[in-house]
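Numbering (our numbering), first residue to last: 43 to 136.
Quick look at the structure:
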């Protein structure tokens with residue numbers, strides 16, 4: 043899976059079936075805030091978003107960022123995958 047980090051637009055992008063799926067973010071004080079998920083119509087969302095979030099968390103871990111899930115789907119991902127809870131900043135519980 044080839045995820046492009048578009049730093050100008052502050053979003054991670056991936057092209058699926060000729061359509062662009064993006065996850066918007068903001069970086070503040072070594073924290074990566076995942077703020078919005080844009081999924082085009084006609085794309086099966088659940089497994090694809092989960093795989094993309096796993097790749098994004100690998101990128102965040104490589105850059106030594108903590109992740110703040112501000113979007114409900116990202117928070118649900120953290121609840122379903124407790125192995126990533128150590129990437130949350132101190133004081134955030136889901």
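Virtual Cβ for every residue (Gly too), placed ideally from N, Cα, C.
Starting from residue i and walking both ways along the alpha helix (DSSP H), at which residues does that stretch end?
i: residue 95; result: 87-104
Could you name the residues of the same chain whose beta carbon sits closer than 8 angstroms to that of residue i, not counting the 5 residues immediately before and after it, in chain order?
i: residue 45; result: 54, 55, 56, 94, 97, 98 and 101
i: residue 61; result: 82, 84 and 85
Is it true that the CB of residue j sits closer than 9 angstroms to the CB of residue i?
i: residue 64; j: residue 79; result: yes
i: residue 135; j: residue 106; result: no
i: residue 119; j: residue 130; result: no
i: residue 110; j: residue 90; result: no
Nearest to residue i by CA position, among the options, is which residue?
i: residue 115; options: 49, 47 and 75; result: 75
i: residue 103; options: 128, 49, 123 and 124; result: 128
Beta strand (DSSP E) containing residue i: first to last residue?
i: residue 115; result: Element bounds for residue 115: not the beta strand (DSSP E) but the alpha helix (DSSP H), 114-122.
i: residue 79; result: 73-80
Less than 7 angstroms between C-beta atoms, sequence neighbours within five positions excluded: which residues of the same chain meet that for residue i?
i: residue 117; result: 111 and 136
i: residue 126; result: 99 and 120
i: residue 113; result: 76, 77, 78 and 79
i: residue 68; result: 52, 75 and 77
i: residue 87; result: 81
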